[in-house]
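What follows is one structure encoded as structure tokens, with my remarks underneath.
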Amino acid sequence: MVPVAWYLILSGILFSIGMAGVLIRRNVLVIFMCVELMMNAVNISLVAFARSFNTGINFTGDAFVIFVVTVAAAEAAVGLAIIVSMSRQSDSIDADQIDLLKE
Amino acid sequence: MSFLTNTLLQISTAKPSFSGDDLYRILPELIVLVMAVLIVILDLFLPKRSRPALGYLAIAGYVAALVATASLFYYGNPNKTSFSGMFIRDDFSSFFEIIFLISGILVVLVTPSYSLKRGIPIGETYAIQAFSVLGMMIVGASGDLMAIFVGIELTSICSYILTGFARNDPGSAEGSLKYFLLGIFATAILVYGMTWTFGMTGSTNLVAISQSIQRNGLATDPGLTLGMLLMVVGFGFKIAAVPFHLWTPDAYEGAPTPVAAFMSVGPKAAGFAALLRVLIQGLPELAAQWSVIIAVLAVLTMTLGNVVAIAQTSVKRMLAYSSIAHTGYIMVGLAAYANTSSPERQNDAISSVLIYSLIYVFMNMGAFAILIYVQNRQGGPDVDDFDGLGTWAPGIALAMAFCLLSLTGIPPTGGFLGKFYVFRAAIDNGYTWLAIVGVLNSAVSAFFYLRIIYTMYFNPLKDEARAKLQPTKTGFITAGVVVICIAILLLGIFPDPALNLARDGANPLIYVVRATSGS
Amino acid sequence: MVEQVVLIVAGALALVSALGVVIMPNAVYSALMLLLNLVSLATLFLMLHAQFMFAAQLVVYAGAILVLFLFVVTLLNPQGENILRDKRRLQQAGTISMGLFMGCLLVGALLYAFTNGNQPVLAASVTSPNSTYGTVEDFGKALFTQFLLPFELTSLLLLVALIGAVVLGKRK
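Residue numbers (numbering that gives the first Met the number 0), protein chains in the order written: chain A, 0 to 102; chain B, 0 to 518; chain C, 0 to 171.
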């Protein structure tokens, strides 16, 4: 049997990789993808935790995953619309070149 | 790190958990939902010229929901959970519902004159604001991490969209993009924290979480501490606490001003509602740990917000930093909760957070409403644009001065009482140093608030600028400003009714905590 | 034994592809790496007896979200950026070390779990042959009873996203 902690460690590392990606990448699309990585890591953790409880059938973890996925889908729709409308105005989606608002 | 075996609270999944009573308990939410959907549909069919009339529908919906909430409050909230523990109808949720609905009404009043002038789609704005208010109401009333998560995301996504609505203004898309990227980053962190909390305690229900922590002795468990830390970071983004505030100035400056006004009161209060529910109802056993974190964040937030606000030349940006500073003041009350075990003292702390949130809605909305008026007449949001406001719009200038004095915390305004209760709770509960930092910060804040009052009354409006003053429709804004000023004055002079409401609102959290700990 | 091999292969694939998302200079490659990552994580869902999640992962994530990403990436065609040859290395080193610190914190907490007495495995109720975990029927029932409120809320979430995307994406 594979210990549940294996999944948790894998998910922790994936979450950290995604986080590092958000911090070092400048292309907003890739930053967005890195956040999706983090969300996916969370989903693995949720299911792994949910499957380790010896308390009979309980779908809490599974339901939470569904909500996370739905939220991610809604965010993708809104976020990509924002990125497209941004790119129409400035021809660039590099996070460093977006500085109209800096003093 | 003890993985749970058989000590878990069982929540029945078998029987359908839905009845007429549940519908009755979520009546205010249902009213807002129906109103929002109606606006979406009517917006499609109405001709463009009559769409602003949807504002009346929105106000009617909010007022109806407010009446429903108030009557539930008045006739005694059942203190019962619906939807298998997801939704709690108690005085706490009612109090926050009142805050959210009032901010909804006020934002509808200030929106049209700004949006119509700048070609911002007004029907969609009203609809999305209403969905945002609905999300906040769910957050305030949810007893489960899952419902809090979905509710707070509904609110956040609405805010991202509203920020980007001014499509003729390049700053709008940019502010929206920055807000969005940092917001979803925070969401990922928040949900990871919730995952760890769920994994360690075996449940997402807040009461079950606190029971499980007690039964399994998880108070010092590293996994649970990690979950708590990540959740505080995630909520910190939503309430714009330093160092998680980076999105705030850009998002506020880029957003249409009514949206900035809305974001500075509504979603912020929702973040506080979630923090209170999660930390006090779900993780009371970890209070010793989180109270220190909240206290440190409060100091950082107050200080940075006020100091940076001094240097701003744009009033909009200044109000953004000022809203950060006010987050810090509210956090003082939250930190004060954890240092005491006496229920009265705990009630003092929580009710100070509630009353401050309520007063803050009025005074901040007021300042933003007048900023919108000035922007409509002058075109810009800078301090210079307030030159001589006292001569060319004396009534508005007086109201602005009143709101700014309230934000500074000078009696007899509501702002003074809010600060008084928060700092008194801190001193009573052994956080005297925190209260001192808060008072010093209020003194610093007087600089930039009073500077605007000085500009309004002592800087003359140049003649060429006077010639360029644009006409604007003032009906709704004036109504909003009058309501706001009366509310601030009443809260300052007769605080007792509101304070009693806040005390009632604070009780459920303390009651649940005590019932859980079996004393 | 088979389980462990599958886990190691899928896990390694997930890690490599996650690194790929972060490192690839071209956003299109990043998106494709994300696809690989999603598929390998879907495999893990199967091993955790979460068949419905497996399907949802493939249909919603890989099928919908990622395709949307690819559309936008190809529409905007951003210039490449090679982070390994960037000038502001100091700033990056700072941020990377922050991420690593976070990672160490997580892995530390997990290793503690590893070494601390009992190592939990999948619960008996999950692995028994007549378990109903992961089946659509039981999960659907739970979704429409126990989780009704957040489930209905997600419909509003999607409605709002729809309205927002239409308004924001519209040409002037």
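Yeah, the Cβ is synthetic: ideal placement off N, Cα and C, and Gly gets one too.
Could you pull out every residue in the same chain whose Cβ sits closer than 6 Å to the Cβ of residue i, ignoring the five residues on either side in sequence?
i	result
residue 185(B)	233, 236
residue 305(B)	324, 440, 443, 444
residue 267(B)	238
residue 434(B)	422, 425, 426
residue 361(B)	483, 486, 487
For a test of the three-state rule: what should DSSP assign to residue i, helix, strand or coil?
i	result
residue 457(B)	helix
residue 338(B)	coil
residue 48(B)	helix
residue 220(B)	coil
residue 202(B)	coil
residue 522(B)	The requested residue 522(B) is not part of the displayed model; chain B covers only 0 to 518.
residue 42(A)	helix
residue 140(C)	helix
residue 12(B)	With a pLDDT of 40 at residue 12(B), under the threshold of 50, the predicted position of this residue should be treated as unreliable, though the coordinate-derived value follows. Correct three-state label for residue 12(B): coil.
residue 346(B)	helix
residue 405(B)	helix
residue 80(B)	strand
residue 506(B)	helix
residue 42(B)	helix
residue 51(A)	coil
residue 215(B)	helix
residue 499(B)	helix
residue 57(A)	coil
Let me make sure I understand the geometry here. Which of the options has the alpha-carbon closest to that of residue i?
i	options	result
residue 451(B)	195(B), 122(B), 399(B), 482(B)	399(B)
residue 141(C)	121(B), 170(B), 83(B)	83(B)
residue 32(A)	89(A), 86(A), 82(A)	82(A)
residue 155(C)	126(B), 81(B), 177(B)	126(B)
residue 383(B)	500(B), 375(B), 458(B), 360(B)	458(B)
residue 45(A)	147(B), 307(B), 465(B), 202(B)	202(B)
residue 347(B)	63(B), 420(B), 114(B)	420(B)
residue 54(B)	26(B), 21(B), 111(B)	111(B)
residue 456(B)	494(B), 396(B), 48(B)	396(B)
residue 171(B)	41(B), 505(B), 68(B), 257(B)	257(B)
residue 244(B)	168(B), 106(B), 327(B), 464(B)	327(B)
residue 85(B)	9(A), 43(A), 77(A), 62(A)	62(A)
residue 355(B)	109(B), 498(B), 340(B), 431(B)	498(B)
residue 224(B)	199(B), 447(B), 496(B)	199(B)
residue 222(B)	64(B), 143(B), 240(B), 197(B)	197(B)
residue 3(A)	72(A), 69(A), 52(A)	52(A)
residue 161(B)	157(C), 74(C), 167(C)	167(C)
residue 308(B)	466(B), 135(B), 448(B)	448(B)
residue 503(B)	39(B), 66(B), 92(B), 50(B)	92(B)
residue 166(B)	120(B), 280(B), 229(B), 364(B)	120(B)
Residues in its own chain within less than 8 Å of residue i by CB, not counting five upstream and five downstream?
i	result
residue 289(B)	227, 231, 278, 282, 337
residue 29(B)	22
residue 33(C)	16, 20, 65, 68
residue 10(C)	39, 43
residue 47(A)	3, 6, 7, 10
Quick check on residue i - is its C-beta less than 7 Å from some C-beta in chain F?
i	result
residue 175(B)	The chain inventory of the structure shown lacks chain F, comprising the protein chains A, B and C.
Quick one: what's got a C-beta closer than 7 Å to residue i's C-beta in the same chain, skipping five residues either side?
i	result
residue 88(A)	none
Where does the unbroken alpha helix (DSSP H) through residue i begin, and where does it stop?
i	result
residue 263(B)	256-275
residue 290(B)	286-309
residue 23(B)	19-24
residue 36(C)	26-46
residue 161(C)	147-168
residue 60(B)	53-73
residue 388(B)	388-391
residue 419(B)	413-427
residue 12(A)	3-23
residue 73(C)	65-75
residue 51(C)	50-55
residue 378(B)	Here residue 378(B) belongs to no alpha helix (DSSP H), and DSSP marks it neither H nor E.
residue 279(B)	Unbroken run through residue 279(B): none, as it is neither H nor E.
Over what stretch of residues does the beta strand (DSSP E) that includes residue i continue unbroken?
i	result
residue 141(B)	Neither: residue 141(B) is in no beta strand (DSSP E) and is coded neither H nor E.
Enumerated in chain order, which unbroken segments of the alpha helix (DSSP H) with a length of 4 residues or greater are wholly contained in the stretch 472-497 of chain B?
Secondary structure remark: continuous alpha helix (DSSP H) runs of at least 4 residues inside the stretch 472-497 of chain B, in chain order: 474-492.
Start-end ranges of the alpha helix (DSSP H) lying completely within the stretch 142-209 of chain B, minimum 4 residues:
Complete alpha helix (DSSP H) runs here, min 4: 144-162, 169-200.
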